[in-house]
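Colleague: Submitted below is the structure of interest, expressed as structure tokens.
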Amino acid sequence: MLCSCSLLFAAILVLEKQVLQDLIKPRKVEFHSLNFNSTLHWQPGRARGARDTVYFVQYKVSLCPTACLKHLPPFLLFLHRYGQSTWQNKDDCWGIQNHVCDLTNETSDIQEPYYGRVKATSTGVYSDWSVSCRFTPWQETMIGPPTVTVDHSNKSITLKLRAPRSPYRRKTGSKIPMTKYYDLLYKVFIINNLLDEQHRVLVYEGKDKVIKIEGLRPGVSYCIVAKTYVPMLDHSSAYSSKKCTVLQ
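Under mature numbering (1 follows the signal peptide of the UniProt record, and there is no 0), the residues of the sequence shown are numbered -21 to -1, 1 to 227, in order.
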């Protein structure tokens, strides 16, 4: 009887451990990227009350270039995702309580596909790894809007547009603009504040960095917003912050 009770107790402990492993396993592991500033995000497991939970992050680059992945059969894609190349620890994200990890430097070869994975531990129990989908920075990063400066005269507005910057630097130390990586277009919209706020009129689309908008009415308040657009990928940024001016 004593032996049976011991076996039952051991089985209960194993079951409890397995349940906790499942409860703390991170969920929805995915990359977020803006102008190549790339971070790995995840949500805590279903045991949200486990405040002592800490996380461990690893990453790896795919051995197969993005182009070759299209030709792999499904079972090789699976092996490629989970079995090839070596997982690397991200030291700054080893034993953290946050739900985000900056992998910008680790994903700097922007044409390569990457994976990230996260595991959790709580009360001495470790979960299995949760793996992200494949992430290729050049294809998937979001492009930010341009910086807009506005000058005005009697009946016109002159705009200067500055492309968003990447986190990567030239040898001189200055940050490399996103125009180095993409053929960017600018879309400029004007808002007449006498009309509905949502009434944005496209007044320019192209590559010029200095744009003059003429034929405007003196005494009227106008606001300008702009977007960047990547034709090759059909990616469009969010709107820039509004720049408003009243023509004299």
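Note that CB positions come from ideal geometry on N, CA and C, so glycine has one too. Because the structure is a prediction, the values reported are computed rather than measured.
I need the straight-line Cα distance from residue 36 to residue 205, nearest angstrom please.
Modeller: Taking the sequence shown and counting its residues from 1, the one referred to as residue 36 is at position 57. Taking the sequence shown and counting its residues from 1, the one referred to as residue 205 is at position 226. C-alpha separation (whole angstroms): 37 angstroms.
Colleague: Going by DSSP in three states, residue 1 sits in which element: helix, strand or coil?
Modeller: Here residue 1 is taken as the residue at index 22 of the sequence shown, counted from 1. The answer is helix: DSSP assigns residue 1 an H, G or I state.
Colleague: Give the range of the beta strand (DSSP E) segment to which residue 21 is assigned.
Modeller: Stepping through the sequence shown from its first residue, residue 21 is reached at position 42. That run of the beta strand (DSSP E) goes 16 to 22.
Colleague: Decide if residue 200 is buried, meaning its Cβ has at least 16 other Cβ atoms within 10 Å, or exposed.
Modeller: By 1-based counting over the sequence shown, the position of residue 200 is 221. Looking at its Cβ environment, which holds fewer than 16 other Cβ atoms inside 10 Å, residue 200 is exposed.
Colleague: List the DSSP bridge partners of residue 78.
Modeller: Position 99 of the sequence shown, counting from 1, holds the residue named residue 78. Partner(s): none; residue 78 has no beta bridge.
Colleague: Counting only runs of 4+ residues fully inside the region 71 to 138, write out the alpha helix (DSSP H) ranges in chain order.
Modeller: Qualifying alpha helix (DSSP H) stretches, in chain order: 116 to 119.
Colleague: Would you kindly work out how many angstroms separate the C-alpha atoms of residue 142 and residue 194, rounded to a whole number?
Modeller: Here residue 142 is taken as the residue at index 163 of the sequence shown, counted from 1. Here residue 194 is taken as the residue at index 215 of the sequence shown, counted from 1. Whole-angstrom Cα-Cα distance: 26 angstroms.
Colleague: Do residue 97 and residue 5 have their beta-carbon atoms positioned less than 8 angstroms apart in this structure?
Modeller: To locate residue 5, count along the sequence shown from 1; it is residue 26. To locate residue 97, count along the sequence shown from 1; it is residue 118. It is a contact, given that the beta carbons lie within the stated cut-off.
Colleague: Hey, is residue -1 close to the ligand HEM, as in C-beta under 7 angstroms from one of its heavy atoms?
Modeller: Inclusion of the ligand HEM in the displayed structure is not the case, the ligand content being empty and no account of it being possible.
Colleague: Determine the contact status of residue 161 and residue 122, defining contact as a CB-CB distance below 8 angstroms.
Modeller: Walking along the sequence shown from the start, residue 161 turns up at place 182. Walking along the sequence shown from the start, residue 122 turns up at place 143. Yes.
Colleague: Three or more C-beta pairs under 8 angstroms: does that hold for the region 108 to 120 against the region 81 to 96?
Modeller: Contact between the region 108 to 120 and the region 81 to 96 is present, because at least three Cβ pairs lie under 8 angstroms.
Colleague: What residues match up with residue 214 in a beta bridge as DSSP calls it?
Modeller: Looking up residue 214 in the sequence shown gives position 235. Residue 214 is bridged to 209.
Colleague: Can you tell which of 72, 39, 87, 74 has the C-alpha that lies nearest to the C-alpha of residue 16?
Modeller: Reading the sequence shown from its first residue, position 37 is the one you call residue 16. Comparing Cα-Cα distances from residue 16 to each of 72, 39, 87, 74, the minimum goes to 87.
Colleague: Within 10 angstroms of the Cβ of residue 74, are there 16 or more other Cβ atoms? Answer buried if so, exposed if not.
Modeller: By one-based count along the sequence shown, residue 74 stands at place 95. It is exposed - the Cβ of residue 74 has fewer than 16 other Cβ atoms within 10 Å.
Colleague: Name, in chain order, the residues that DSSP records as bridge partners for residue 172.
Modeller: Taking the sequence shown and counting its residues from 1, one reaches residue 172 at position 193. DSSP output for residue 172 lists no bridge partner at all.
Colleague: What is the residue span of the beta strand (DSSP E) that residue 193 lies within?
Modeller: Looking up residue 193 in the sequence shown gives position 214. Residue 193 -> no beta strand (DSSP E), and no H or E assigned at all.
Colleague: Taking just the CA atoms, how far does residue 119 sit from residue 19?
Modeller: Locating residue 19 in the sequence shown gives position 40, where the first residue counts as 1. Locating residue 119 in the sequence shown gives position 140, where the first residue counts as 1. Roughly 13 angstroms separates the two Cα atoms.
Colleague: DSSP on residue 159, reduced to helix/strand/coil?
Modeller: By one-based count along the sequence shown, residue 159 stands at place 180. Helix at residue 159.
Colleague: Skipping 5 residues on each side, what residues in its chain have a beta carbon closer than 8 angstroms to that of residue 155?
Modeller: Looking up residue 155 in the sequence shown gives position 176. Within the same chain, residue 155 has close Cβ partners 144, 145, 147, 148, 149.
Colleague: DSSP three-state call for residue 185: helix, strand or coil?
Modeller: As a first step, residue 185 is located in the sequence shown; it is residue number 206 there, counting from the start. Correct three-state label for residue 185: strand.
Colleague: Where residue 157 and residue 203 are concerned, what is the direct C-alpha to C-alpha distance, given to the nearest angstrom?
Modeller: Position 178 of the sequence shown, counted from the start, is the residue given in the question as residue 157. Position 224 of the sequence shown, counted from the start, is the residue given in the question as residue 203. About 22 angstroms.
Colleague: The beta strand (DSSP E) that contains residue 13, what's its start and end?
Modeller: The count along the sequence shown starts at 1 and reaches residue 13 at position 34. Note, residue 13: beta strand (DSSP E), 6 to 13.
Colleague: If contacts are defined as beta-carbon pairs under 8 angstroms, then residue 8 and residue 76 qualify, I think. What distance do you get, rounded to the angstrom?
Modeller: Within the sequence shown, numbered from 1, the residue matching residue 8 stands at position 29. Within the sequence shown, numbered from 1, the residue matching residue 76 stands at position 97. Residue 8 to residue 76, Cβ: 16 angstroms. No contact.
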